[in-house]
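J.:
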Amino acid sequence: MTDHIETDVVIIGAGPVGLFAVFELGLLDIKCHLIDILPKVGGQCAELYPEKPIYDIPGFPVVTGQGLVDNLMAQIEPFHPTFHLNEMVESLESIGTPEAPLFRVKTSENGTTFVCKSVIIAAGGGSFQPKKPPIEHIEAYEGTGVFYAVRKMEMFRNKKILIVGGGDSALDWTVNLQPIAQRLTLLHRRDAFRAAPHTVEKMRSLVATGEMDLHLGQVGSLVGDAPILKGAVIRKDDGSEFTVDCDVMLPFFGLTMKLGPIADWGLNLHENLIPVDTEKFETSVPGIFAIGDINTYPGKLKLILSGFHEGALAAQKVHRYVYPEKKLLFQYTTSSTSLQKKLGVAA
Amino acid sequence: MGVIHVTDRAGQRHTLEAVEGWRVMEIIRDWGLPIEGLCGGACECATCHVFVAEEWLDKLYPPGEEEEDQLDTVVTKPNSRLSCQIIWTPHLDGLEVTLAPTGS
Numbered sequence: 117m118t119d120h121i122e123t124d125v126v127i128i129g130a131g132p133v134g135l136f137a138v139f140e141l142g143l144l145d146i147k148c149h150l151i152d153i154l155p156k157v158g159g160q161c162a163e164l165y166p167e168k169p170i171y172d173i174p175g176f177p178v179v180t181g182q183g184l185v186d187n188l189m190a191q192i193e194p195f196h197p198t199f200h201l202n203e204m205v206e207s208l209e210s211i212g213t214p215e216a217p218l219f220r221v222k223t224s225e226n227g228t229t230f231v232c233k234s235v236i237i238a239a240g241g242g243s244f245q246p247k248k249p250p251i252e253h254i255e256a257y258e259g260t261g262v263f264y265a266v267r268k269m270e271m272f273r274n275k276k277i278l279i280v281g282g283g284d285s286a287l288d289w290t291v292n293l294q295p296i297a298q299r300l301t302l303l304h305r306r307d308a309f310r311a312a313p314h315t316v317e318k319m320r321s322l323v324a325t326g327e328m329d330l331h332l333g334q335v336g337s338l339v340g341d342a343p344i345l346k347g348a349v350i351r352k353d354d355g356s357e358f359t360v361d362c363d364v365m366l367p368f369f370g371l372t373m374k375l376g377p378i379a380d381w382g383l384n385l386h387e388n389l390i391p392v393d394t395e396k397f398e399t400s401v402p403g404i405f406a407i408g409d410i411n412t413y414p415g416k417l418k419l420i421l422s423g424f425h426e427g428a429l430a431a432q433k434v435h436r437y438v439y440p441e442k443k444l445l446f447q448y449t450t451s452s453t454s455l456q457k458k459l460g461v462a463a
Numbered sequence: 012m013g014v015i016h017v018t019d020r021a022g023q024r025h026t027l028e029a030v031e032g033w034r035v036m037e038i039i040r041d042w043g044l045p046i047e048g049l050c051g052g053a054c055e056c057a058t059c060h061v062f063v064a065e066e067w068l069d070k071l072y073p074p075g076e077e078e079e080d081q082l083d084t085v086v087t088k089p090n091s092r093l094s095c096q097i098i099w100t101p102h103l104d105g106l107e108v109t110l111a112p113t114g115s
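The listed protein sequences derive, respectively, from chains A and B.
For the first sequence, the numbering used here gives the first residue as 117, with consecutive numbering after it.
For the second sequence, the numbering used here gives the first residue as 12, with consecutive numbering after it.
1. Excluding sequence positions up to five away, which residues of its chain have a Cβ less than 6 angstroms from the Cβ of Ala190 of chain A?
2. Where does the unbroken alpha helix (DSSP H) through Glu317 of chain A begin, and where does it stop?
3. Given a threshold of 16 other Cβ atoms within 10 Å of its Cβ, counted over all protein chains shown, does Gln334 of chain A qualify as buried or as exposed?
4. Determine whether the beta carbon atoms of Met328 of chain A and Gln294 of chain A lie at a separation below 8 angstroms.
5. By Cβ distance below 6 angstroms, which residues in the same chain neighbour Phe358 of chain A in space, the five residues on each side in sequence not counted?
6. So with Cβ pairs under 8 angstroms, would you call Gly48 of chain B a contact of chain A?
7. Buried or exposed for Ser243 of chain A, please, with buried defined as at least 16 other CB atoms from any protein chain shown within 10 angstroms of its CB.
8. Of all the residues that make up the region 329-362 of chain A, which are near chain B by a beta-carbon distance shorter than 8 angstroms?
9. Nearest to Arg326 of chain A by CA position, among A:Leu302, A:Ala348 and A:Leu345, is which residue?
10. State buried or exposed for Val235 of chain A, treating a residue as buried only when at least 16 other CB atoms are found within 10 Å of its CB.
11. Near Trp289 of chain A, what residues of its chain come up, given a Cβ to Cβ distance below 8 angstroms and the 5 sequence neighbours on each side ignored?
12. When you compare only the Cα positions, how much space is there between Ser224 of chain A and Phe199 of chain A?
13. Looking only at DSSP bridge pairs, what is His425 of chain A linked to?
14. At a Cβ cut of 7 angstroms, what residues of the region 259-274 of chain A count as close to chain B, listed as they run along the chain?
15. Determine, using beta carbons only, whether Glu203 of chain A and Ile151 of chain A come nearer to each other than 8 angstroms.
16. Does the region 411-426 of chain A come into contact with the region 448-456 of chain A, if we say contact requires no fewer than three beta-carbon pairs (one atom in each stretch) closer than 8 angstroms?
17. Using the beta-carbon of each residue, which ones in chain A are nearer than 8 angstroms to Cys56 of chain B?
18. Roughly how many whole angstroms lie between the Cα atoms of Ser210 of chain A and Leu371 of chain A?
19. Any C-beta of chain E within less than 8 angstroms: which residues of the region 14-34 of chain B qualify?
20. Give the residues of chain A in contact with Thr87 of chain B, contact being defined as C-beta atoms less than 7 angstroms apart.
21. Mind listing the chain A neighbours of Ala53 of chain B? Cutoff is C-beta to C-beta under 8 angstroms, in chain order.
22. Alpha carbon to alpha carbon, what distance is there between Glu167 of chain A and Leu332 of chain A?
23. Using a C-beta cutoff of 8 angstroms, does Lys318 of chain A count as contacting chain B?
24. Taking 8 angstroms as the CB-CB cut-off, is Leu110 of chain B touching chain A?
25. Starting from Ile378 of chain A, find everything on chain B with Cβ-Cβ shorter than 7 angstroms and list it in chain order.
26. Counting pairs of beta carbons, one from the region 335-344 of chain A and one from the region 309-320 of chain A, are three or more of them closer than 8 angstroms?
27. Measure the Cβ-Cβ separation of Leu201 of chain A and Lys156 of chain A and say whether it is below 8 angstroms.
28. Does the region 138-147 of chain A come close enough to the region 399-412 of chain A to have 3 or more Cβ pairs within less than 8 angstroms?
29. For Gln81 of chain B, which of helix, strand or coil comes out of DSSP?
30. Taking the alpha-carbon positions, what's the Val221 of chain A to Ala431 of chain A distance?
31. If you draw a straight line from the alpha carbon of Lys70 of chain B to that of Arg24 of chain B, how long is it in whole angstroms?
32. Can you pull the DSSP bridge partners for Gly227 of chain A?
33. With DSSP run on the structure shown, which of helix, strand or coil describes Asn292 of chain A?
34. Which residue's Cα is closest to the Cα of Leu188 of chain A: A:Gly134, A:Glu398, A:Thr213 and A:Phe230?
35. If you check the beta carbons only, do Gly261 of chain A and Val360 of chain A fall under 8 angstroms apart?
36. Starting from Thr453 of chain A and walking both ways along the alpha helix (DSSP H), at which residues does that stretch end?
Here is the structure:
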């Protein structure tokens, strides 16, 4: 089923900068929808370093990645943004004019279509995607013998499965797939696992009873007639090698960021970054803005605080596109009753 | 003052001026070699993975638990390190590293 949504602004990326843009737009009565490929909000702050302290957010001597995200969510709550998580923007199409921009944005997973007056790209380093290990010819087996995620367990029934990794995903799928596999092998670089202790224990007991195999080493190369996978050559730390027979290999090496479809949107990328002006943070396409780590301009610093500033300035120009007939009055939240009403704090 | 030697993924060796107190990742990045350093040096992404020449391994502080956890997410060799976890000091003058391959 395809959903169709009409709104003022679509924000691509629900990291800290995208979230704060909701606040600045909200003060100007501009409604937004946010799209993010992750199943949660917060971007890198929530995915890469939720527990790490950040010391350079103005007004916070110290705040964790997740703490900052939680605070931003509380701050934008009055504006009721709509989130579309687990979705990647596949295409961005201009259907308006430079004077009256209008865009059609489509996502891949649920095929949602948005029509909006402005688009703000706050996508950081791109979209989070599974890290692909640098193994020769691995692409030739992707989708047939190599999978980076499990969508349907049944696909793996009676298969010889090789799982690679030592985190929660690797261990969870090891214990979940072992009962239906013909044979399951877990491969990890060292005899220590960063996963829930009871899952690690369960894996260890399956190894002890001979119901699965555990090897320490790295995948050196793949064996097979692409796209049919037959095995993997395992390289141990002492340099010795042996082969594990397998029909499928599931590498679970965590996530990384890839630019993805943004490269195809005609935004004159410079070294995978989107050039913008420093007055409105607008791209070469009127109505499309880029803020945060994904943009570039002379003097750019990849700091969260820079992204906050960029969102505030972009919002001013977005207002002209959303309300072309309205004059924008500059106001402060400390003194403006109208802003305070929007924030739900008016006396 | 001193230098580090960095071999890129095409096999070309570069000699870079090092700065005391900088992370080796930062030295490589600031000289414009292709190292991603996605998380900015927080030991959270492993995109600054390098292979350290054998003779230098013992001169480095051994990897901590956080670095080991991140090394779990790449294809390592026994001489794998994350260059964001190596702080350059003059006793690392001449340090020899190779940029590890990255997946597609």
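All C-beta atoms, glycine included, are put in the ideal place defined by N, C-alpha and C.
T.: In short:
1. none
2. Unbroken alpha helix (DSSP H) run through Glu317 of chain A: Pro313 to Ala324.
3. buried
4. yes
5. Ile350
6. no
7. buried
8. Gln334, Val335 and Asp353
9. The identity of residue 326 of chain A in the sequence shown is Gly, whereas the question assumes Arg. Taking the Cα of Gly326 of chain A as reference, the smallest distance to any Cα among A:Leu302, A:Ala348 and A:Leu345 is reached at A:Leu302.
10. buried
11. Val266, Ile279, Leu366 and Phe368
12. 15 angstroms
13. Bridge partners of His425 of chain A: none, in fact.
14. none
15. Taking a C-beta distance under 8 angstroms as the contact criterion, Glu203 of chain A and Ile151 of chain A qualify as a contact pair.
16. no
17. Leu164 and Thr372
18. Distance between the alpha carbons of Ser210 of chain A and Leu371 of chain A: 31 angstroms.
19. In the structure shown, chain E cannot be found, because the protein chains are A and B.
20. Arg305 and Gln334
21. Correct list: Leu164, Tyr165 and Lys168.
22. Their backbone Cα atoms lie some 29 angstroms apart in a straight line.
23. The C-beta of Lys318 of chain A comes no closer than 8 angstroms to any C-beta of chain B.
24. no
25. The premise fails here: Ile378 of chain A is roughly 16 angstroms from chain B at the closest Cβ pair, so nothing lies under 7 angstroms.
26. no
27. yes
28. no
29. helix
30. 19 angstroms
31. Using only the alpha carbons, I get a separation of about 21 angstroms.
32. The partner list for Gly227 of chain A (beta bridge, DSSP) is empty, contrary to what the question assumes.
33. helix
34. Taking only the C-alpha atoms, the option nearest Leu188 of chain A is A:Gly134.
35. no
36. Thr453 to Lys458
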